[in-house]
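One structure below.
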Amino acid sequence: MIDDSKMQLIGSASGLVEGGVGLRFDVNDQSGELIPAFVVRFDGGYFAYLNRCGHIAVQLDYQAGEFFSDDGRTLICATHGAEYAPDTGACLGGPCYGVGLDAIEIVCRDHYLYLVSERYRVVSSATTDSA
Ligand code: FES
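Read in order, the letters of the sequence shown correspond to residues 1 to 131 in the UniProt record's numbering.
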């Protein structure tokens, strides 16, 4: 059971389609560092990660929100092509060398996405603006 008082609005889920453009947002971690993050829709669910490659800590998307491979089955880093499982963030191949994405716990309620992790605070809601 999720404590509603801990839910932080990320944005509307209505524009997210399977394997399509993701929603970007920013969080603060517990040290106050500003970190970009994103949500994608995959296999009927919503999954959120820090937007930070397991290879080098750069953002994955070349065009804002473009996280999926051409076939919509994996998340892919635009810099060197590391691939990740959309539903777990696990490294599937390429230069992530087994280092997966950092997942963020979210829920979808009434077509809106909320962060429920106590490790992060939402500091800007979802956007498709470039970095
Ligand atoms: S920085 Fe992502 S694969 Fe190298």
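Even for Gly, the Cβ is constructed at its ideal location relative to N, Cα and C.
The secondary-structure analysis by DSSP pairs valine 40 across a beta bridge with Phe47.
Residue environment for alanine 57: exposed (fewer than 16 other C-beta atoms within 10 angstroms of its C-beta).
Serine 31 carries a coil assignment under DSSP once its states are collapsed to helix, strand and coil. For the set Ala78, Pro86, Gly81 and Glu18, the Cα lying nearest the Cα of phenylalanine 47 is the one of Pro86. In terms of side-chain proximity, the C-beta atom of alanine 48 is found no nearer than 8 Å to any non-hydrogen atom of the ligand FES. Secondary structure of aspartate 4 (DSSP, three-state): helix. Here DSSP, grouped into helix, strand and coil, assigns isoleucine 104 to strand.
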